[in-house]
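Heads up: the sequence lines are chains F and W, in that order. Each residue of the first sequence is one higher than the one before, counting from 1 in the numbering used here. Each residue of the second sequence is one higher than the one before, counting from 1 in the numbering used here. Glycine included, C-beta positions come from ideal geometry on N, C-alpha and C. Here is the structure we will look at.
Protein chains: 2
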Amino acid sequence: MRTKTLDIKKVEKVAFILKAIGNPLRLSIVDLLSIQDELSVKDISKTLNAEQSLVSHNLSGMKLKGILASRREGKHVYYKLKLREVLKVIQCMENCDLDAI
Amino acid sequence: MRTKTLDIKKVEKVAFILKAIGNPLRLSIVDLLSIQDELSVKDISKTLNAEQSLVSHNLSGMKLKGILASRREGKHVYYKLKLREVLKVIQCMENCDLDAI
DNA sequence: GGAATATATGTTCATATATTCATGTGTTAT
DNA sequence: ATAACACATGAATATATGAACATATATTCC
Numbered sequence: 001m002r003t004k005t006l007d008i009k010k011v012e013k014v015a016f017i018l019k020a021i022g023n024p025l026r027l028s029i030v031d032l033l034s035i036q037d038e039l040s041v042k043d044i045s046k047t048l049n050a051e052q053s054l055v056s057h058n059l060s061g062m063k064l065k066g067i068l069a070s071r072r073e074g075k076h077v078y079y080k081l082k083l084r085e086v087l088k089v090i091q092c093m094e095n096c097d098l099d100a101i
Numbered sequence: 001m002r003t004k005t006l007d008i009k010k011v012e013k014v015a016f017i018l019k020a021i022g023n024p025l026r027l028s029i030v031d032l033l034s035i036q037d038e039l040s041v042k043d044i045s046k047t048l049n050a051e052q053s054l055v056s057h058n059l060s061g062m063k064l065k066g067i068l069a070s071r072r073e074g075k076h077v078y079y080k081l082k083l084r085e086v087l088k089v090i091q092c093m094e095n096c097d098l099d100a101i
């Protein structure tokens with residue numbers, strides 16, 4: 001049990017992050033990037049079977065929010081996790097028994 | 001580093017939870033309830049300085065989603081965490097240095 | 001029963017989000 | 001230069017969300 005609440009600033013930031021990855025597609029992307037250090041847009045959209053532009057929109061959104069970083073290499077743009085903390089969230093949730101929901 | 005992605009079902013569930021608490025007010029509520037086992041609607045709205053109906057809406061929303069549970073005692077309705085896993089998420093995020101964002 | 005308190009609910013509004021489509025930009029190879 | 005590929009972007013649309021307000025319900029006390 002905890003003893004102290006999060007301060008307002010922290011609440012805002014945490015909520016911001018949770019909201020940013022609280023979507024099946026985006027969570028899948030982050031999940032993929034927790035295993036594969038870097039992936040191209042095409043890698044991701046192929047793996048997740050999702051439209052290129054949709055994936056791209058979500059990737060740039062998460063990049064804008066500081067969650068991902070990207071670099072171009074030739075024709076490809078590779079994305080990777082920037083905010084490593086999201087990894088912890090996923091790891092945590094992974095171990096949870098969510099069947100009750 | 002992780003070695004295996006979440007299956008689709010799990011992704012859906014985790015995203016569902018993250019979205020459900022990925023809001024400053026709702027996160028604050030969950031945060032409060034991580035310290036105080038049970039709190040009435042009024043306790044919460046007073047503490048967070050938020051409108052009664054807004055708090056109530058969010059509480060019943062989270063209850064509907066299986067995150068909170070409630071019981072009535074006289075005029076009061078007490079809410080508590082039902083899905084203990086969200087506690088882990090908060091604990092995890094609490095320890096993160098989010099200043100980079 | 002009526003007042004007072006605590007909570008819930010319905011409605012409305014503004015705004016945010018998700019998705020799709022068409023098109024634009026950057027890069028490589030010919 | 002142009003074709004082909006990878007990616008980004010903007011517009012349009014449907015839908016969801018957050019907040020506020022008024023009102024309804026439940027409970028207690030008189």
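Q.
I'd like to know if residue 22 (chain F) contacts chain W, where contact means its C-beta is closer than 8 Å to some C-beta of that chain.
A. Numbered from its first residue, the first sequence carries residue 22 (chain F) at position 22. Closer than 8 Å to some Cβ of chain W, the Cβ of residue 22 (chain F) qualifies, so yes.
Q: Would you mind sorting residue 23 (chain W) into buried or exposed? The rule is 16 or more other CB atoms within 10 Å of its CB.
A: The count along the second sequence starts at 1 and reaches residue 23 (chain W) at position 23. Buried, since its Cβ has 16 or more Cβ neighbours within 10 Å.
Q.
Suppose contacts are defined by Cβ-Cβ distances below 8 Å. Is residue 50 (chain W) in contact with residue 25 (chain W) by that definition?
A. For the purposes of this step, residue 50 (chain W) is taken as the residue at position 50 of the second sequence. For the purposes of this step, residue 25 (chain W) is taken as the residue at position 25 of the second sequence. For residue 50 (chain W) and residue 25 (chain W), yes; Cβs fall inside 8 Å.
Q) In three-state DSSP terms, what is residue 73 (chain F)? A) As a working mapping, residue 73 (chain F) is identified with position 73 in the first sequence. In this structure, residue 73 (chain F) counts as strand in the three-state DSSP scheme.
(Q) Bridge partners for residue 80 (chain W) per DSSP, in chain order? (A) Reading the second sequence from its first residue, position 80 is the one you call residue 80 (chain W). Paired residues: W:69.
Q. Any chance the segment 32-42 of chain W sits against the segment 52-65 of chain F, with 3 or more Cβ pairs inside 8 Å?
A. Taking 8 Å as the limit for Cβ pairs, the verdict is that the segment 52-65 of chain F does not touch the segment 32-42 of chain W.
Q: Would you list, in chain order, the members of the segment 34-51 of chain F that have their beta-carbon closer than 7 Å to a beta-carbon of chain W?
A: Within the segment 34-51 of chain F, the residues whose Cβ lies closer than 7 Å to some Cβ of chain W are 34 and 35, listed in chain order.
Q) Does the beta carbon of residue 12 (chain W) sit closer than 8 Å to a beta carbon anywhere in chain F? A) Sequence index remark: in the second sequence, residue 12 (chain W) carries index 12 (1-based). At least one C-beta of chain F is nearer than 8 Å to the C-beta of residue 12 (chain W).
Q. Can you give the Cα-Cα distance for residue 57 (chain F) and residue 86 (chain W), rounded to whole angstroms?
A. Position 57 of the first sequence holds residue 57 (chain F). Position 86 of the second sequence holds residue 86 (chain W). For residue 57 (chain F) and residue 86 (chain W), the gap between their C-alpha atoms comes out near 28 Å.
Q: Rounded to whole angstroms, what's the CA-CA distance from residue 75 (chain F) to residue 13 (chain W)? Just pull it up for me.
A: Against the first sequence, residue 75 (chain F) aligns to sequence position 75. Against the second sequence, residue 13 (chain W) aligns to sequence position 13. Between residue 75 (chain F) and residue 13 (chain W), the C-alpha separation is close to 35 Å.
**Q.** Nearest-angstrom beta carbon gap, residue 65 (chain W) and residue 20 (chain W) [assumed within contact, 8 Å]
**A.** In the second sequence, the residue the question calls residue 20 (chain W) occupies position 20. In the second sequence, the residue the question calls residue 65 (chain W) occupies position 65. Contact between residue 20 (chain W) and residue 65 (chain W) is confirmed by a C-beta separation of about 5 Å, below the 8 Å threshold.
Q. Would residue 28 (chain F) pass as a contact of residue 48 (chain F) if the rule is Cβ separation under 8 Å?
A. Taking the first residue of the first sequence as 1, we reach residue 28 (chain F) at position 28. Taking the first residue of the first sequence as 1, we reach residue 48 (chain F) at position 48. Going by C-beta atoms, residue 28 (chain F) is nearer than 8 Å to residue 48 (chain F).
Q | Cross-strand partners of residue 40 (chain W) (DSSP beta bridge) | A | If you number the second sequence from 1, residue 40 (chain W) lands on position 40. Answer is W:78, bridged to residue 40 (chain W).
Q) When the Cα atoms are used, what is the spatial distance from residue 39 (chain W) to residue 91 (chain W)? A) Start at 1 with the first residue of the second sequence, and residue 39 (chain W) comes out as number 39. Start at 1 with the first residue of the second sequence, and residue 91 (chain W) comes out as number 91. Between the alpha carbons of residue 39 (chain W) and residue 91 (chain W) lies a gap of roughly 20 Å.
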